[in-house]
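So the sequence shown is numbered by full-length UniProt numbering: it starts at 1 and just counts up by one.
Ideal placement from N, C-alpha and C gives every residue a C-beta, glycine not left out.
Here the structure comes first, spelled out in structure tokens, and everything after it is commentary.
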Amino acid sequence: MSAAPDGATKPFTIALEGVHGYLSKTLTAPELVAALESVNSGQIVVSNSPARARSAEELDWPGKEEGITDRESEILALITQGKSNAAVAELTYLSPNTVKSHIRSVYRKIGASSRTQAVLWGVEHGFTPDHRRIERWVGRR
């Protein structure tokens, strides 16, 4: 059994590969227990995970005009605040490799070739620390 990225696979395809369960990482604890019990009883379980909610078109964020997504904007804001890739990953519940992919994408969109250039661009374009939000993320209210 393996954790599933967003999306689903056809049950007959995974059964041919010897997989008995394909579970979303977004399952709640009761859903996970039920799925594992089903797999244990011999059933093939394929869960669908909900796609990440799209940003509403009417919302605005720094960098939107440059084609930066809301998630990339969030990550650029964190590196502008001096966060390491590991800290960004922890705060956003993403893997370090996903964070790196978002950072590379931002670099391409803003024409940066280094973290320093990206941070300077961020500061010039309104990516300043929001201490209330940061404190909420780290559990200090």
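Below 8 Å on the Cβ atoms is my guess for residue i versus residue j; work out the distance and round it to an integer in Å.
i	j	result
residue 143	V99	Here the chain covers residues 1 to 141 and nothing more, so residue 143 does not appear.
On the DSSP letters alone, give me the boundaries of the beta strand (DSSP E) that residue i sits inside.
i	result
L23	G21 to S24
Looking at residue j and residue i, is the spacing between their C-beta atoms short of 9 Å?
i	j	result
A112	P96	no
S73	G82	no
residue 146	A118	One cannot answer for residue 146 here, as it falls past the ends of the chain, which runs 1 to 141.
As a quick exercise: from the options, pick the residue whose alpha carbon is nearest that of residue i.
i	options	result
V45	L32, Y22, G126 and Q117	Y22
T116	G126, F127, I79 and R108	I79
Hey, is residue i close to the ligand GDP, as in C-beta under 8 Å from one of its heavy atoms?
i	result
N48	As for the ligand GDP, it is missing from this structure, which has no ligand bound.
Where do the N-terminal and C-terminal ends of the alpha helix (DSSP H) with residue i fall, by residue?
i	result
N48	Here N48 belongs to no alpha helix (DSSP H), and DSSP marks it neither H nor E.
G107	The amino acid at residue 107 is misidentified as Gly; the sequence shows Tyr. From DSSP, the alpha helix (DSSP H) with Y107 extends over P96 to I110.
W61	Where W61 is concerned, there is no enclosing alpha helix (DSSP H), given that its DSSP letter is neither H nor E.
Is DSSP giving residue i helix, strand or coil here?
i	result
L32	helix
T80	helix
E43	Checking the displayed sequence, the identity of residue 43 turns out to be Gln instead of Glu. Three-state DSSP puts Q43 in coil, outside helix and strand.
residue 144	Summary: the structure shown does not reach residue 144, with the chain confined to residues 1 through 141, and so no result is reported for it.
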